[in-house]
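**Student:**
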Amino acid sequence: MTGAPASAAGGTGRPAPGGKLGAAAVNQASLWNIANILTMVRLLLVPGFVVLMLMDGGHDPVWRAWAWAAFAVAMITDVFDGHLARTYNLVTDFGKIADPIADKAIMAAGLICLSALGDLPWWVTGVILFRELGITLMRFWVIRHGVIPASRGGKLKTLAQGTAVGMYVLVLTGPLATLRWWVMAVAVVLTVVTGLDYVRQAVMLRRKGLAAERSAARDRAESSR
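Sequential numbering of the sequence shown, starting at 0, is according to numbering that gives the first Met the number 0.
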């Protein structure tokens, strides 16, 4: 959920050669393309997921299993709309805005529900949400100087978060309950480490951008003399 969006939202890349679907998708990158539809499905799944999580007090194993299914579908659509966007270049302004919102919304819904139900400490939810919000604001801070691409660590962080939250959504006992604690611990560590690395890259990018602007201003001033 960090770096340059890879989904309908902002994926880039050349369309697959040949095939009517590829040509049509490239020529018709409208609001109602398949990548954007998957993003909208993910957005619609958020309130449904919350309802399923909180049914019958929030601790019924059957309802939690249905909630897990909704969460899993949301995570899978993120992978598929990213693949479609990169393959067929289905980039729209709506996608650029909606995709990161959808990613953060489903993850935030899962974390907040789990903490509200007492299954996950609030400090874990706070750390992850603070990092995601902070990186989003940081992205706006440096956007005029450039875009920091998604790193391998960021992708691992997203995978770890999704796996951990998914395991907590299910009512697990025994060794699996212990395992999910460790998966969440890895997710929190990756969240913090990749967040700090993003801040470092953002600061460096901004410094380079400001230096380039000052240099360009000096060149313009000298040329105007």
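Ideal placement from N, C-alpha and C gives every residue a C-beta, glycine not left out.
(1) Hey, how far is the Cα of Arg199 from the Cα of Asp55?
(2) Are the beta-carbon atoms of Ala97 and Leu42 separated by less than 8 Å?
(3) Nearest by alpha-carbon distance to Arg143: which of Asp59, Gly125, Leu204, Asp218 is it?
(4) Using only CA atoms, which one of Val182, Trp31, Cys112, Val191 lies nearest to Val89?
(5) Alpha carbon to alpha carbon, what distance is there between Ile100 and Ile33?
(6) Using the rule of at least 16 other Cβ atoms within 10 Å of the residue's Cβ for burial, across every protein chain shown, is Ala24 buried or exposed?
(7) Expressed to the nearest angstrom, what Euclidean distance is found between the alpha-carbon atoms of Gly109 and Tyr167?
(8) For Ala215, count neighbouring Cβ atoms within 10 angstroms of its own Cβ and tell me buried if that reaches 16, exposed if not.
(9) Measure how close the beta-carbons of Gly165 and Trp67 come, nearest whole angstrom, since I'm counting them as under 8 Å.
(10) So which of Gly173, Val126, Phe139, Leu178 has the shortest CA-CA distance to Thr193?
(11) Who are the Cβ neighbours of Met52 in its own chain at under 6 Å, not counting the five residues just before and after it?
(12) Does the distance from the C-beta atom of Met137 to that of Tyr197 stay below 8 Å?
(13) Output the boundary residues of the alpha helix (DSSP H) element that contains Ser150.
(14) Starting from the Cα of Ala69, find the closest Cα among Tyr87, Trp181, Leu44 and give me that residue.
(15) Got a sec, what are the start and stop residues for the alpha helix (DSSP H) Pro174 sits in?
(16) To the nearest angstrom, how far is the alpha carbon of Ala186 from that of Ile75?
(17) Restricting to Cα atoms, I'd like to know which of Ala184, Leu119, Ser114, Leu189 is closest to Gly152.
**Tutor:** Let me spell this out:
(1) Approximately 45 Å, taken between the alpha carbons.
(2) Cβ atoms of Ala97 and Leu42: closer than 8 Å.
(3) Looking at the Cα atoms, Leu204 is the closest of the given residues.
(4) Before going on, a small fix: residue 89 reads as Leu here, not Val. Among Val182, Trp31, Cys112, Val191, the Cα nearest to that of Leu89 belongs to Trp31.
(5) Those two C-alpha atoms are separated by around 18 Å.
(6) Because the pLDDT at Ala24 is just 40, under 50, the model does not fix this residue reliably, and the point stays unresolved.
(7) In this structure, the alpha-carbon of Gly109 lies about 9 Å from that of Tyr167.
(8) Per the 10 Å Cβ criterion, exposed.
(9) Rounded, the Cβ-Cβ distance is 6 Å, consistent with contact.
(10) Answer by Cα proximity: Val126.
(11) Around Met52: Ala66, Cys112.
(12) Closer than 8 Å, so yes.
(13) No residue range can be given for Ser150, since it is assigned to no alpha helix (DSSP H) and is classified by DSSP as neither H nor E.
(14) Answer by Cα proximity: Leu44.
(15) Residues 174–222.
(16) Going by the C-alpha atoms only, they are around 18 Å apart.
(17) Answer by Cα proximity: Leu189.
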